[in-house]
Structures are given as structure tokens and as C-alpha cells.
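Read the structure below first, then the notes.
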Amino acid sequence: MYNVLKFISNVIFRLFFRIKIHGNNKLPDGRLIICSNHISALDPIILAISTNRKISFLAKKELFKNRIISKFLYSIGAIPINRDALDIKALKKSINILQEEKVLGIFPEGTRIKSISEENIKSGIGLISSRAKSNIQPVFIKSDYKLFSKIEIFYRDIVRVEDYMELEDKNKEIALATYRVIYDVESENV
1 MYNVLKFISN VIFRLFFRIK IHGNNKLPDG RLIICSNHIS ALDPIILAIS
51 TNRKISFLAK KELFKNRIIS KFLYSIGAIP INRDALDIKA LKKSINILQE
101 EKVLGIFPEG TRIKSISEEN IKSGIGLISS RAKSNIQPVF IKSDYKLFSK
151 IEIFYRDIVR VEDYMELEDK NKEIALATYR VIYDVESENV
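Residue numbering for the sequence shown follows full-length UniProt numbering, beginning at 1 and increasing consecutively.
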């Protein structure tokens with residue numbers, strides 16, 4: 001189901017948008033977390049069609065209320081998460097995905113955002129990364145998603161979890177490092 005939808009989405013998006021990918025979008029083998037800014041409900045689709053590996057995304061639990069939508073989301077590997085509390089079940093599922101050497105997709109602010117601030121970042125990305133010993137692939141998406149507009153996807157340098165494992169507050173530091181790498185693209189006047 002995932003690959004069929006990815007193919008169809010790729011065709012549709014390339015008809016209606018000008019997609020430009022910057023950096024290395026060929027994700028390495030093994031466990032990896034892909035983290036991106038979140039500006040539109042279309043972001044997961046853009047990330048999925050822009051890379052070579054299947055991504056299981058964390059998605060807000062509210063999306064799973066409708067039975068049909070819930071079945072669809074589960075069929076493409078989405079994981080429901082309660083953004084208002086520590087969701088142990090979602091954390092365990094996320095870590096299991098990574099231990100199976102797969103890719104987990106997370107929007108580290110936990111919601112779509114309009115303003116850039118380190119205060120928006122959630123430390124859950126650091127917790128999952130450190131527990132699963134998984135590197136993070138930061139990505140920056142730049143677009144207004146208007147028909148026939150440009151969508152730019154910037155694949156940044158990987159955040160290596162081993163660089164933070166000895167720190168006292170490693171989860172927060174991993175989250176902040178990821179956030180800074182994602183938004184560093186803003187300083188490049190792209």
C-alpha cells in the first residue's frame with residue numbers, strides 16, 4: 001500500500017509543484033529518524049516521495065478517531081501519539097521500529113508551526129534517538145504549497161547520536177542539535 005501511494009503521490013505532486021531536492025536524499029541503511037520542520041499537512045507526503053526508504057511517521061492521535069482513516073494510517077505504518085502527555089506506547093513502538101532497522105519520521109515541534117523558536121522543540125526526539133541509538137536525518141521543507149509553486153527539500157548533515165550519549169542532558173541536547181541543523185538552512189538565504 002505504501003509504495004503504491006508513494007508512486008501515485010509522486011506523479012501528482014510533480015504535476016502540480018516544482019520539486020527541488022538539495023543534499024543527499026538517499027537515506028543510509030539501518031535505523032534512522034528523519035526529522036523535519038512542519039508547515040503543512042502535506043509534509044509527510046513530500047518526505048515520503050523525496051527519499052528511497054519507507055518512513056513510519058508519528059501522527060497525532062486525533063487523526064485516528066475515524067475508523068476508515070485510522071485503518072488507512074495503520075496500513076501505511078503511521079503510529080498514533082498523544083502529544084499532550086508522555087505516550088509510553090508510542091515511544092515503545094517508535095523504538096521497536098528503529099530496532100528493526102527501519103526509518104521513523106518525526107516532526108520535532110509536535111505540530112505545524114509558523115514561528116521558529118528553540119522553545120518549540122520537544123525533547124521526545126532526543127529520548128527516542130538515545131534509547132534506540134539512532135542517528136537523525138534533519139530535513140528542511142520550504143514551500144507555501146500553492147499550486148505550481150516550488151517545493152524545496154533540504155537534506156542536512158546527519159546528527160550522530162553517539163556524539164551526545166555521554167552528556168548529562170543528552171535528550172535535550174540531541175533535540176536542540178537536530179532543531180539547529182534543520183533551521184540552519186534559513187541562514188543560507190534559500
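Cβ atoms here follow ideal geometry from the backbone N, Cα and C, with glycine treated the same way.
It should be emphasised that the depicted structure is a prediction, and the values quoted were computed from it without experimental measurement.
- In chain order, N37, H38, I39 and N120 place their CB closer than 8 Å to the CB of I113, counting only its own chain and leaving out the 5 sequence neighbours on each side.
- Just measuring C-alpha positions, the residue of F17, M165, E101 and A175 sitting nearest I49 is F17.
- Around the Cβ of V11, a 10 Å sphere holds fewer than 16 other Cβ atoms; the residue is exposed.
- Counting every other CB atom within 10 Å of its CB across the protein chains shown gives D43 a total of 16 or more, marking it as buried.
- Annotated three-state conformation of S56 is strand, per DSSP.
- A contact is defined here as three or more CB-CB pairs under 8 Å, and the stretch 132 to 141 fails this definition with respect to the stretch 53 to 65.
- Between E101 and G23, the beta carbon gap of about 22 Å keeps them out of contact (Cβ cut-off 8 Å).
- Contact between I55 and V4 fails: their C-beta atoms lie close to 15 Å from each other, not under 8 Å.
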